[in-house]
Amino acid sequence: MKRKEALDLVEESISERNLIKHMKALEAGMRELARYFDKDEEEWGIAGLLHDLDYEETEKDPDRHGLLTVDRLQNEDLTEKQLNAIKAHAGQKTPETRMEKSIYATDPLTGLIVAGALVHPDGLSEMDAEFIRNRYEESSFAKSVDREAIASCEDLGFELEEFFDLVLEGMQNIQDELGL
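With the numbering used here applied, the sequence shown corresponds to residues 346 to 525, in that order.
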């Protein structure tokens, strides 16, 4: 599936603008990680973009989150790796591959970065890994963010700040789209 097709599907399926921005933020983070790992940027990015395609339908039924997306996309031109990554982000399978571990750790980090951008005096553009680290360590800041999932970036060989830096860079590349 090409990005335009995936984005059209997102825009048709999701009514909440902030959710679309979140999906684009995860796409940007996944693309940056794909570059870092010398993987297929398009494949990783599309998995990130589509990861919450069923969120509005499953918000009150989280046991189905990710599974409806995979069912819906089963006959689309996606790889098994992408479908497994979508399941892994939602806890529907244990993250095993580099892509699965990346999407699992990056999803909550994008939320922390967005929350940080909203309180940073210069928004996303001047934010750095140290600022994110400080917010990460404040348990009262963005309480719903799964810090354990973010910390799983260590399974990919990252120190936290290095991981923060990469995902932040990806999001800064599209900061105008994100409105941050």
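Idealized CB from N, CA, C, for every residue including glycine.
Simplified DSSP assignment, three categories, for residue i
i, result
"residue 451", "helix"
"residue 437", "coil"
"residue 514", "helix"
"residue 463", "helix"
"residue 504", "coil"
"residue 472", "coil"
"residue 483", "coil"
"residue 444", "helix"
"residue 521", "helix"
"residue 349", "helix"
"residue 497", "helix"
Integer Cβ distance of residue i from residue j, believed to fall under 8 Å
i, j, result
"residue 490", "residue 456", "5 Å"
"residue 449", "residue 494", "6 Å"
"residue 370", "residue 516", "5 Å"
"residue 417", "residue 390", "That pair is no contact at about 19 Å."
"residue 500", "residue 446", "5 Å"
"residue 373", "residue 518", "6 Å"
Same chain, Cβ closer than 7 Å to residue i, neighbours up to 5 away in sequence not counted
i, result
"residue 525", "459, 462, 468 and 469"
"residue 424", "388"
"residue 422", "346"
"residue 403", "409, 410 and 413"
"residue 492", "481"
Cβ-based neighbour list, residue i, same chain, cut-off 8 Å, excluding 5 preceding and 5 following
i, result
"residue 364", "397, 400 and 401"
"residue 476", "461 and 465"
"residue 352", "394"
"residue 356", "365"
Residue i: CB within 7 Å of a non-hydrogen atom of the ligand GDP
i, result
"residue 501", "For the structure depicted, the ligand GDP is absent and the ligand set is empty, with no information on it obtainable."
6 Å CB neighbourhood of residue i in its chain, flanking five on each side removed
i, result
"residue 414", "398, 399 and 431"
"residue 465", "472"
"residue 474", "506, 509 and 510"
"residue 354", "none"
**Residue ranges of each alpha helix (DSSP H) within the region 353–440, 4 or longer** = 362–382, 386–395, 400–403, 412–418 and 425–434
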